[in-house]
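Engineer: Can you read through this structure? Questions will come right after.
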Amino acid sequence: MTTTGKIFEGRLSDLIDDRPQDGVFRVSRAIFDDPEVFELERRRIFEGGWVFLGIADQAPAAHDFFTTDIGRVPILVSRGADGALRGFVNSCPHRGSRVAQTLAGNARLHVCPYHSWTFDSAGRNKAIKLKRAGCYAESFDLDSHDLAALPAFGEYRGFVFGSLSAEVPTLETCLGEATKLLDLVADQSEQGFELVPGGVTFTYQANWKLQLENCSDAYHFTSTHPSYIRILEQRQKESSGATVRSVWEDSDYWREDAEGIAGGSFSFPYGHVLNWGIFGVTEALPLYESADALAERHGAARRDWMFNMRNLTIFPNLQIAENASSQLRVIRPLAPDLTEMRTWCIAPKGESAEARQQRLRQYEDFFNPSGMATPDDTVTYENCQRGFASRVAPWLQGYARGSTASREGGNAFSDLLQMQPEHNVLADAQLGDETLLQSYYREWARRMTGVLEP
Amino acid sequence: MSFDHRAVETLLYAEARYLDEGCWDEWLDLYVENAVFWIPAWKSETEVTSDPAKELSLVYYQGRKNLEDRVWRARSGMSVASAPLPRVAHQITNISIMAADADEALVASNFSVHLYDKRSSRTHMFFGRYSHTLLREDGRIRIAQKKIILLNDTIPTVLDFYCI
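Written out as structure tokens, the structure reads:
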């Protein structure tokens, strides 16, 4: 490799250096800022496999719909008269205009604003304006005039996924054992879960994979968020009625002087990972009011898991972070150095007014781009992105912590959920495992197979 | 009407200037102790959240203490998002006293805040509407509630109290 040449020559091994036999796992800076890599990611990862679309509760009744995107492609998710949820490309087969214009709504019929082609809530074409007068050749009706259904579409317990490619494993196979972590979200209330009204969208000028990594990064908390931690400590001392209590004050799993097993990580096939920590069943969590009922319904072990700090990634674009509060995030790459985040407070339905308020106030302080923690993350992503421009010493060293602690399969904690991860790390508060990030890049590499030389 | 338009205008301009110039102690002093500082989130293209107890806000604080925490954080040197600070310039226009009695007034205005972040060479403008609830206390007008409707709510990386 010369100093003047481009580092990325199209070979996978130039981007990811994965040599388990030598204890080496490195990722090149080029994977975060090379435009060709980004284009491949869009096609192979976002537009070529399962991505998260939304939750079923965003369209609860017949004819309800919401819109989103898969990569660059606009998507319509609509519940038909028959109650079934379906996913479509939100683009008229006539000239391509987006058919549904709003983020969400209820419509028996979607009328294209360009030439009034009309579709029902199951995507069927109901009208082509002035068709008989249109002098169409017979061949015209050999084509379907319906909205194009997503080649793959599925739902797991209210989490809705779609794919622009039919060449995907079943959703069940893709989610695999990680479904047991989605169960922990879905089972917090018998009534299910919801997105609290009010969504927050922000962008940052850095690569989408920085968000992927940061959610799973136990190592950064005390370094990146000291101002937030100090404010919580101050609040605990003063216990002023004006401020909200946070679970971070109540837990020592992240403290650098804590001892014993504090949490760890699990990783799964297809790039899904969990970073977790023991919070304990504490009244600082809004779920506390349901602690007894949840133990009765699900057993103490699963109940305790619901109270653990859990940062879950369903590769490539869904993250559910349950720590100070509970956030559902959707990652959308816009450019190698520009990412859009759509975020909501995800919450069990039917919780008390007090619990909901506690959840919301903690959420705003911690998760919002107008809060006291996320901005320190996203500004850091931008600092990383600047550094990624370098091809001097291109290999990043951030995937090595935990190498000798990583074990195949599960452990006593995953056994409590009858869950079989591919790898696990049991960690004290100091370990800051990074091997779980390797799962992202192994899946990334798998998805690039066939387009990049080994 | 017991609130003089000029006095109200002077207060709003003072707030804008304190934020522009980083005079955050003076800024905090404009707020009563149990002041509400509220930036609703949007729940659709056209509607902001209206009940902070049941719906998400970008910021919802009851009590000046929370604003003091934000000021502390911005000054702490422990927040990479807050150092170096961006440069900001607030514009306040269309000031109208919507309702007033002897001790309390509701004031509507429009704002735009130009922001320049030297670190990223990024400029941005946040704009929207303010709604101030003002109280007269010992002959002095102070802010009991400030509600900020942020119209361009796709936030480029950071939104802090001084940006808006």
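Going down the list, the protein sequences come from chains A and B. Reminder that position 278 of the first sequence reads as 277 in numbering that gives the first Met the number 0, one-by-one numbering, no gaps. Reminder that position 24 of the second sequence reads as 23 in numbering that gives the first Met the number 0, one-by-one numbering, no gaps. By construction, the Cβ of each residue, glycine as well, lies at the ideal position given by its N, Cα and C atoms. Remember, it's a predicted structure, so these values are computed and weren't measured experimentally.
1) Do A:C214 and A:T312 have their beta-carbon atoms positioned less than 7 Å apart in this structure?
2) Under three-state DSSP, which class holds A:I228?
3) For A:R18, report the span of its beta strand (DSSP E) as first-last.
4) Taking the beta carbon of A:Y362 as the centre, do at least 16 other beta carbons fall within 10 Å, making it buried, or is it exposed?
5) Return the chain-ordered list of same chain residues with a C-beta closer than 6 Å to the C-beta of A:G370, the five sequence neighbours on each side being excluded.
6) Along the chain, where does the beta strand (DSSP E) containing A:I313 start, and where does it finish?
7) Confirm, please, whether the CB-CB distance from A:P315 to A:I44 is below 7 Å.
8) Rounded to the nearest angstrom, what separates A:S120 and A:R107 at their Cα positions?
9) Just how far apart, CA to CA, sit A:T2 and A:R390?
10) Quick test of your reading: B:L164 and B:I91, contact by CB under 8 Å. State the CB separation rounded to the nearest angstrom.
11) In the DSSP assignment, find the beta strand (DSSP E) that holds B:Y129 and state where it starts and stops.
12) Got a sec: which bits of the segment 194 to 214 of chain A sit with their beta carbon under 7 Å from any beta carbon on chain B, in order along the chain?
13) Could you tell me the alpha carbon to alpha carbon distance between B:A73 and A:A61, rounded to whole angstroms?
14) How should B:K42 be labelled, buried or exposed, when 16 other C-beta atoms within 10 angstroms of its C-beta is the threshold for buried?
15) Compare the C-alpha of B:A143 against each of B:W37, B:H4, B:R16, B:S1 and name the closest.
16) Should B:M124 go down as buried or exposed, given a rule of 16 or more other Cβ atoms within 10 Å for buried?
17) Comparing alpha-carbon positions, which option in B:D24, B:L29, B:W23, B:C22 lies nearest B:T9?
18) Could you tell me which of B:D102, B:F160, B:L158, B:F126 sits nearest to B:R139, measuring between CA atoms?
19) In angstroms, rounded to a whole number, what distance separates the CA positions of A:T178 and A:F51?
20) With a threshold of 7 Å on Cβ separation, who are the neighbours of A:Y440 within its own chain once the five nearest residues in sequence on each side are excluded?
21) By the three-class DSSP mapping on this structure, what secondary structure does A:S12 have?
22) Hey, would you say A:D81 sits closer than 7 Å to A:E193, going by beta carbons?
23) First and last residue of the beta strand (DSSP E) that includes A:E154?
24) For A:G122, which of A:E35, A:V110, A:W247, A:A346 has the nearest alpha-carbon?
25) How close, in whole Å, do the beta carbons of A:W116 and A:N105 come, if the pair is a contact with beta carbons under 8 Å?
26) I'd like to know whether the C-beta atoms of A:F267 and A:E171 end up nearer to each other than 7 Å.
Structural biologist: Taking the definition as stated:
1) In contact: A:T312 and A:C214 (Cβ atoms closer than 7 Å).
2) helix
3) 15 to 18
4) buried
5) E363, D364
6) 308 to 313
7) yes
8) 5 Å
9) Note that A:T2 scores 43 on pLDDT, short of 50, meaning its location in the model is unreliable and no value can be drawn from it.
10) Given a span of 0 to 163 for chain B in the structure shown, any question on residue 164 of chain B remains unanswerable.
11) 121 to 136
12) V195, P196, G197, G198, V199, T200, F201, T202, Y203, Q204
13) 48 Å
14) B:K42 is buried by the Cβ-count criterion.
15) B:W37
16) exposed
17) B:L29
18) B:D102
19) Going from the Cα of A:T178 to the Cα of A:F51 covers about 13 Å.
20) I15, V26
21) helix
22) no
23) 151 to 155
24) A:V110
25) Not a contact, Cβ separation roughly 20 Å.
26) no
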